[in-house]
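Asker: A single structure is presented below for examination.
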Amino acid sequence: MHGAYAQQTGRVEGGIIRSSQRATPLFCVSWLILLATNTSVWAAENLSLSASTQLSNEGYFVLNWQPEVDAASFTLEQSSREDFSTPVSRPLGAASAITITGLSDGVYYFRLSRDEQVISNTISVTVEHHSLERAASFFFLGLALFVTLILSILKGNRQTGI
Amino acid sequence: MNYSVLSPGVAIVILIVFGLLWIAFGYFLGRQNKNLEDYMLAGRNVGFAFAAATAMATWVTSNTTMTAPQVTYELGVWGMVGYSLGAVGLLMFAPLARRIKRLLPHGFTSGDFIRERFGVAAWRVFLLISLFYAFGWLISLGMAGGILVNALSGVPYHVGMTVILLVCVSYTLLGGLRAVIATDFVQTIIIITGVVFIAYLVVDNVGFEQMHSDLRNERPMLLDLLFPAAIMFLFNNLLFGVGEIFHSNVWWSRAFAFREDTGARAYFVAGLFWIPVPIVAGFIALAAPTLGIAVPSSDMVGPLVAGQILGTTGAVVVFIVVFSALASSLDSLLAATADLITQDIYRGHIHRGASDEQCLRAGRYIIVGLGLMTWILCLPRLTTLASLLYFTGAFVASAIWPIVFGLYYRWATGTAATLSMIAGTVCGLLAYFLIGYYVAAVASCAVSLLVIVLVSRWQDKPFDFDSLATRANQETNNP
Numbered sequence: 290m291h292g293a294y295a296q297q298t299g300r301v302e303g304g305i306i307r308s309s310q311r312a313t314p315l316f317c318v319s320w321l322i323l324l325a326t327n328t329s330v331w332a333a334e335n336l337s338l339s340a341s342t343q344l345s346n347e348g349y350f351v352l353n354w355q356p357e358v359d360a361a362s363f364t365l366e367q368s369s370r371e372d373f374s375t376p377v378s379r380p381l382g383a384a385s386a387i388t389i390t391g392l393s394d395g396v397y398y399f400r401l402s403r404d405e406q407v408i409s410n411t412i413s414v415t416v417e418h419h420s421l422e423r424a425a426s427f428f429f430l431g432l433a434l435f436v437t438l439i440l441s442i443l444k445g446n447r448q449t450g451i
Numbered sequence: 000m001n002y003s004v005l006s007p008g009v010a011i012v013i014l015i016v017f018g019l020l021w022i023a024f025g026y027f028l029g030r031q032n033k034n035l036e037d038y039m040l041a042g043r044n045v046g047f048a049f050a051a052a053t054a055m056a057t058w059v060t061s062n063t064t065m066t067a068p069q070v071t072y073e074l075g076v077w078g079m080v081g082y083s084l085g086a087v088g089l090l091m092f093a094p095l096a097r098r099i100k101r102l103l104p105h106g107f108t109s110g111d112f113i114r115e116r117f118g119v120a121a122w123r124v125f126l127l128i129s130l131f132y133a134f135g136w137l138i139s140l141g142m143a144g145g146i147l148v149n150a151l152s153g154v155p156y157h158v159g160m161t162v163i164l165l166v167c168v169s170y171t172l173l174g175g176l177r178a179v180i181a182t183d184f185v186q187t188i189i190i191i192t193g194v195v196f197i198a199y200l201v202v203d204n205v206g207f208e209q210m211h212s213d214l215r216n217e218r219p220m221l222l223d224l225l226f227p228a229a230i231m232f233l234f235n236n237l238l239f240g241v242g243e244i245f246h247s248n249v250w251w252s253r254a255f256a257f258r259e260d261t262g263a264r265a266y267f268v269a270g271l272f273w274i275p276v277p278i279v280a281g282f283i284a285l286a287a288p289t290l291g292i293a294v295p296s297s298d299m300v301g302p303l304v305a306g307q308i309l310g311t312t313g314a315v316v317v318f319i320v321v322f323s324a325l326a327s328s329l330d331s332l333l334a335a336t337a338d339l340i341t342q343d344i345y346r347g348h349i350h351r352g353a354s355d356e357q358c359l360r361a362g363r364y365i366i367v368g369l370g371l372m373t374w375i376l377c378l379p380r381l382t383t384l385a386s387l388l389y390f391t392g393a394f395v396a397s398a399i400w401p402i403v404f405g406l407y408y409r410w411a412t413g414t415a416a417t418l419s420m421i422a423g424t425v426c427g428l429l430a431y432f433l434i435g436y437y438v439a440a441v442a443s444c445a446v447s448l449l450v451i452v453l454v455s456r457w458q459d460k461p462f463d464f465d466s467l468a469t470r471a472n473q474e475t476n477n478p
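Here the protein sequences come in this chain order: A and B.
For the first sequence, counting from 1, position 39 maps to 328 in this note's numbering; every step adds exactly one.
For the second sequence, counting from 1, position 262 maps to 261 in this note's numbering; every step adds exactly one.
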C-alpha cells in the first residue's frame, strides 16, 4: 500500500532548495558544505522529505518521506519561517504520507522530527491562490450557464405542454 | 501502518454477509425476468417508491460518501456546499424524464435518442463520451471500495476492491435492472438510517467551537468564503452533476423503466432527499485537524475521521453505509452501461438485427467484461477519487446542451450537436490541465453552448419531432 501512495502522489524532490532558486554549481557546493556540517539534518534516521508540488494554487498538497518507515513517533514541523522559529507540530500517527490542506498564501517550510531531533531534510512549498478575479469570472460564467439551463428547460416545457 | 479501527476479520465478515445477501436477492429477483425488456428495463413498470429509492441510492455513491469529505477537506465549507449542489442534476432531470418517456415510449438507451435526433456522427461521439464517463465512474467506485476497506480495517486495497466488484457483478448478472432497483431500495433505507446515526454521533462527540478554532488557526482557507478555487468549484460541480445525469444511460434507463406518471416525481423527491447527505458526509472531514489525524491521501479522510470519532460501532455503521452506497451505484452503472453497449454497440454496430435473446446473452457477457475491465483499471490506483471523477467532467458537461436542446427545440441540428460535444470536451480538458479539476465542467459547458447555438442557427434545419417516436421504435429493434 505504501507503493500505492507513492504512485498516486508523484514526487517533486524539493530538498531544501526553493523552487525559485536555480541550482548553480557554487550554490550546490555551498549547500553540500552546509549539509555536511549540519548534524541535525543528517540524524540517525536520515529521511528524504518531498512534496507533490512546490507551488500550490489551492493550498493543498501531499508530503511523502523516503524510506517509508513506521512514522508512529514522528512529528511534522511546519513553519512560515526558514529557521522554524515558530513551528506548528503535527503528530503523524501511522501515516505513510500526509495531505496538507487549507493554507493561505505564503511560503511554508516542512521537516520531520522525532524527540525534538530533526530527522529529515527541509522543504518549502509556496502557496499562491488563484486571483479573485479569475475565481469570480468562473463563478459568474457558471451562474450564467445555470440560469440559461433553467430558462431553456422551463421554456421547453411550456412549449411542449409538459 | 495501522490506523484502522476495525479488525480485518470484522470487515471480511461484513463483506461476506452483505455480499451474499445482495447476490441471493439478485438471484431471487432474476427468476422473474422473462425477456429483454424485463432484464434491461424491469418490465417498464417501476412504481413511485422503488423509483425514488433507486434514483436516490444510485446518486448516493462512493463519490457522495467519500469524495464529498475529500472535497471538503481540500476546498473547505464551499466544497461541502458545492458538492450538495449535485442534487440540482436530479431535480432538473425530473421534467426531462417526462419528456423522454413521451418522446420515446419504447426507447432503451440515451444512445437511441441521440441517434434518432442527431444522426450517426453525433451518436458515435456521444457513445465515446458516455462510455468514457461510465468507465471513469466504474473505476472510481471500484477504487472507493478498496480505499474504504483499507482505511477502516487495514485489509489490502486490492482485496476490498476485488470483493466489492465481484459481489456487484454477480447480482447484476443474475437479476438485471429489477435486482438493481430492488437492492437500491433496501440500500436507500440503510444509507438514510446510517447517515442520520452518524450525524447524531458526530454532533454528540465533536465540539463545534474547538473545530472552528483549530480550522481558523491551522487551515484558515477551509473557512474562507473567498477561497478562490472553492468559488470556482461551486458551479463546476453543479454543472458536472447535471452533465452526468442528463447524458448517462443510468438515468435514461430509469426514465424508460418508470411508469409515465412516476419518473418526474421520483427524480424530484430523490433530489430533495439527497441534498443533506454530502453535507453530513463532508462535515466530518472538518474534524480531522481537531482530532490530529494525519491524512495520507485526502480521499481517505471520510472513513479515517469517522472511524476515529465513532469508534468500532461507528466504523461498522460507516462501513455498511458506504458499502451499500457503493453497491447501489456500481450495480446501476454496470447494468446501464451494459445496456448501452448491448443496444448501441453490439446491436447497433457489430451484430445488426440481433434478436432479443442474442442481446440478452450478449448483455450478460458484457456485464462480466465490464467488471473485469474495471478490476484491471482499478489495480494501479492511479489517482485520487476527486481527480479521476472531475476529469470526466470535461466530457459529460459538453453533452448537456445537445440533450436539452435536442429534447425540446427543433432548431438544434446534428452537426451542431456533434461539434459542440467535441469542442466542449477539448476546452474542458484544457481547463482541467491548465487551471484545475474545479473548472473543467464549466469550461466544457460554456464552449458547448456557444458552438451548438451558433452552428444550429447557421444551418437552420428544423427537426420534425413527430417522426421521432415512430422511427425510434423501428430503429430500436434494428438500428
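C-beta atoms are modelled at their ideal positions from N, C-alpha and C, and glycine is treated no differently.
Would you say isoleucine 387 of chain A reaches chain B, if we count a Cβ-Cβ gap shorter than 8 Å as a contact?
Answerer: By 1-based counting over the first sequence, the position of residue 387 of chain A is 98. At least one chain B Cβ lies under 8 Å of isoleucine 387 of chain A.
Asker: Under 8 Å: do the segment 280-287 of chain B and the segment 192-202 of chain B share three or more Cβ pairs, one atom per stretch?
Answerer: Yes, since at least three Cβ pairs between the segment 280-287 of chain B and the segment 192-202 of chain B fall closer than 8 Å, the two stretches touch.
Asker: Could you check the C-alpha separation between valine 294 of chain B and alanine 386 of chain A for me, to the nearest Å?
Answerer: Residue 294 of chain B sits at position 295 when you count from the first residue of the second sequence. Residue 386 of chain A sits at position 97 when you count from the first residue of the first sequence. If I take the Cα positions, the gap works out to 7 Å.
Asker: With tryptophan 374 of chain B as the anchor, note down where its beta strand (DSSP E) starts and where it stops.
Answerer: On the second sequence, residue 374 of chain B is found 375 positions in, with the first residue counted as 1. Counting along the chain, tryptophan 374 of chain B falls outside any beta strand (DSSP E), though it belongs to the alpha helix (DSSP H) covering 355-377.
Asker: Hey, serine 331 of chain B and valine 249 of chain B are a contact pair by Cβ (cut 8 Å); roughly how many whole angstroms apart?
Answerer: Translated into positions along the second sequence, residue 331 of chain B becomes position 332. Translated into positions along the second sequence, residue 249 of chain B becomes position 250. The pair is a contact, with the Cβ atoms about 5 Å apart (cut-off 8 Å).
Asker: Quick check on phenylalanine 350 of chain A: buried or exposed, where buried means 16 or more other Cβ atoms within 10 Å of its Cβ?
Answerer: Here residue 350 of chain A refers to the residue found at position 61 of the first sequence. Per the 10 Å Cβ criterion, buried.
Asker: Under a Cβ-count criterion, where at least 16 other Cβ atoms within 10 Å of its own Cβ denotes burial, should glutamate 259 of chain B be classed as buried or exposed?
Answerer: Taking the second sequence and counting its residues from 1, one reaches residue 259 of chain B at position 260. Exposed is the call here.
Asker: Give me the chain B residues within the contact set of glutamate 285 of chain A, using Cβ-Cβ distance strictly less than 9 Å, ordered along the chain.
Answerer: For chain A, the structure presents residues 290 to 451; residue 285 of chain A sits outside this window and is missing.
Asker: Do the segment 300-309 of chain B and the segment 110-128 of chain B touch if we need at least three Cβ pairs shorter than 8 Å?
Answerer: No, they do not touch.
Asker: Could you tell me the boundaries of the alpha helix (DSSP H) in which phenylalanine 239 of chain B lies?
Answerer: In the second sequence, residue 239 of chain B corresponds to position 240, counting from 1. It spans 227-246 - the alpha helix (DSSP H) in which phenylalanine 239 of chain B sits, taken as one unbroken run.
Asker: Does the segment 258-277 of chain B come into contact with the segment 84-101 of chain B, if we say contact requires no fewer than three beta-carbon pairs (one atom in each stretch) closer than 8 Å?
Answerer: Yes, the segment 258-277 of chain B touches the segment 84-101 of chain B.
Asker: Could you have a look at glutamine 406 of chain A and say whether DSSP puts it in helix, strand or coil?
Answerer: Residue numbering aside, residue 406 of chain A sits at position 117 when the first sequence is read from its first letter. Residue state, collapsed to three classes: strand.
Asker: In or out: tryptophan 77 of chain B buried (at least 16 other Cβ within 10 Å) or exposed?
Answerer: Taking the first residue of the second sequence as position 1, residue 77 of chain B is located at position 78. That one is buried.
Asker: Identify the contact partners of serine 441 of chain A in chain B, using a Cβ-Cβ distance below 9 Å as the criterion.
Answerer: One-based indexing of the first sequence puts residue 441 of chain A at position 152. Going along chain B in sequence order, the residues near serine 441 of chain A (Cβ under 9 Å) are Trp400, Val403, Phe404, Tyr407, Tyr408.
Asker: Since I believe alanine 353 of chain B is in contact with arginine 518 of chain B (beta carbons under 8 Å), could you give me their beta-carbon distance rounded to a whole number of angstroms?
Answerer: Any question about residue 518 of chain B goes unanswered here, given that chain B covers just 0 to 478.
Asker: Pick helix, strand or coil for serine 345 of chain A, following the three-state DSSP scheme.
Answerer: Locating residue 345 of chain A in the first sequence gives position 56, where the first residue counts as 1. Note: serine 345 of chain A maps to strand in three-state DSSP.
Asker: Going by beta-carbon coordinates alone, are leucine 309 of chain B and valine 321 of chain B separated by less than 8 Å?
Answerer: Counted from its first residue, the second sequence places residue 309 of chain B at position 310. Counted from its first residue, the second sequence places residue 321 of chain B at position 322. Not in contact: leucine 309 of chain B and valine 321 of chain B (Cβ atoms no closer than 8 Å).
Asker: Would glycine 240 of chain A pass as an interface residue toward chain B - the criterion being a Cβ-Cβ separation below 8 Å?
Answerer: Residue 240 of chain A cannot be examined here, being either before or after the span of chain A that is shown, 290 to 451.
Asker: Kindly indicate the opening and closing residues of the alpha helix (DSSP H) around glutamine 209 of chain B.
Answerer: Here residue 209 of chain B corresponds to residue number 210 of the second sequence, with the count starting at 1. Here the alpha helix (DSSP H) through glutamine 209 of chain B covers 207-217.
Asker: Are there 16 or more other CB atoms within 10 angstroms of the CB of isoleucine 402 of chain B, so buried, or fewer, so exposed?
Answerer: Here residue 402 of chain B refers to the residue found at position 403 when the second sequence is read from its first residue. Counting Cβ neighbours within 10 Å, isoleucine 402 of chain B comes out buried, since at least 16 surround it.
Asker: Going by DSSP in three states, glutamate 366 of chain A sits in which element: helix, strand or coil?
Answerer: Numbered from 1 along the first sequence, position 77 holds the residue referred to as residue 366 of chain A. Strand, per DSSP.
Asker: Evaluate lysine 100 of chain B with the Cβ neighbour count: other Cβ atoms within 10 Å of its Cβ, from every protein chain shown; 16 or more gives buried, anything less gives exposed.
Answerer: Numbered from 1 along the second sequence, position 101 holds the residue referred to as residue 100 of chain B. Result: buried.
Asker: Since leucine 339 of chain B contacts threonine 187 of chain B with CB under 8 Å, what's their CB separation in whole angstroms?
Answerer: In the second sequence, counting from the first residue as 1, residue 339 of chain B sits at position 340. In the second sequence, counting from the first residue as 1, residue 187 of chain B sits at position 188. Not really, about 24 Å apart at Cβ, beyond 8 Å.
Asker: Listing by chain order, which chain B residues have their CB less than 8 Å from the CB of valine 377 of chain A?
Answerer: If you number the first sequence from 1, residue 377 of chain A lands on position 88. Correct list: Glu217.
Asker: Looking at the unbroken beta strand (DSSP E) that takes in serine 378 of chain A, where does it start and where does it end?
Answerer: Locating residue 378 of chain A in the first sequence gives position 89, counting from the first residue. Start and end: 377-380.
Asker: Three or more beta-carbon pairs under 8 Å between the segment 408-419 of chain B and the segment 444-458 of chain B, yes or no?
Answerer: Yes, the segment 408-419 of chain B is in contact with the segment 444-458 of chain B.
Asker: Whole angstroms is fine: what's the gap from isoleucine 190 of chain B's alpha carbon to glycine 144 of chain B's?
Answerer: Numbered from 1 along the second sequence, position 191 holds the residue referred to as residue 190 of chain B. Numbered from 1 along the second sequence, position 145 holds the residue referred to as residue 144 of chain B. Going by the C-alpha atoms only, they are around 16 Å apart.
Asker: Give the interface partners of methionine 91 of chain B over in chain A, defined as CB-CB distance under 9 Å, in chain order.
Answerer: In the second sequence, residue 91 of chain B corresponds to position 92, counting from 1. What methionine 91 of chain B touches in chain A: Leu438, Ile439, Ile442.
Asker: Please name the residue or residues paired with threonine 424 of chain B in a DSSP beta bridge.
Answerer: Looking up residue 424 of chain B in the second sequence gives position 425. Paired residue(s): none; threonine 424 of chain B is not in a bridge.
Asker: What is the residue span of the beta strand (DSSP E) that isoleucine 387 of chain A lies within?
Answerer: Your numbering for residue 387 of chain A matches position 98 in the first sequence. Unbroken beta strand (DSSP E) run through isoleucine 387 of chain A: 386-389.
Asker: Taking 8 Å as the cut-off, decide whether the C-beta atoms of isoleucine 197 of chain B and leucine 325 of chain B are in contact.
Answerer: Residue 197 of chain B sits at position 198 when you count from the first residue of the second sequence. Residue 325 of chain B sits at position 326 when you count from the first residue of the second sequence. Cβ atoms of isoleucine 197 of chain B and leucine 325 of chain B: not closer than 8 Å.
Asker: Nearest chain A C-beta to leucine 14 of chain B closer than 8 Å, yes or no?
Answerer: As a working note, residue 14 of chain B is residue 15 in the second sequence. No, because no Cβ of chain A sits closer than 8 Å to the Cβ of leucine 14 of chain B.
Asker: Taking Cβ to Cβ, would you say tyrosine 82 of chain B is nearer than 8 Å to asparagine 236 of chain B?
Answerer: Counting from one through the second sequence, the residue named residue 82 of chain B turns up at place 83. Counting from one through the second sequence, the residue named residue 236 of chain B turns up at place 237. Yes; because the gap between Cβ atoms is below 8 Å, this pair is in contact.
Asker: So the beta strand (DSSP E) threonine 449 of chain A belongs to, where does it begin and stop?
Answerer: Taking the first residue of the first sequence as position 1, residue 449 of chain A is located at position 160. It is not in any beta strand (DSSP E) - threonine 449 of chain A instead sits in the alpha helix (DSSP H) that spans 421-449.
Asker: Express the C-alpha separation of cysteine 377 of chain B and valine 168 of chain B in angstroms, rounding to a whole number.
Answerer: Start at 1 with the first residue of the second sequence, and residue 168 of chain B comes out as number 169. Start at 1 with the first residue of the second sequence, and residue 377 of chain B comes out as number 378. Each residue's alpha carbon lies about 15 Å from the other.
Asker: Is serine 296 of chain B helix, strand or coil by DSSP?
Answerer: Residue mapping note: residue 296 of chain B aligns to position 297 of the second sequence, counting from 1. In the structure shown, serine 296 of chain B sits in coil (DSSP, three-state: anything other than H, G, I, E or B).
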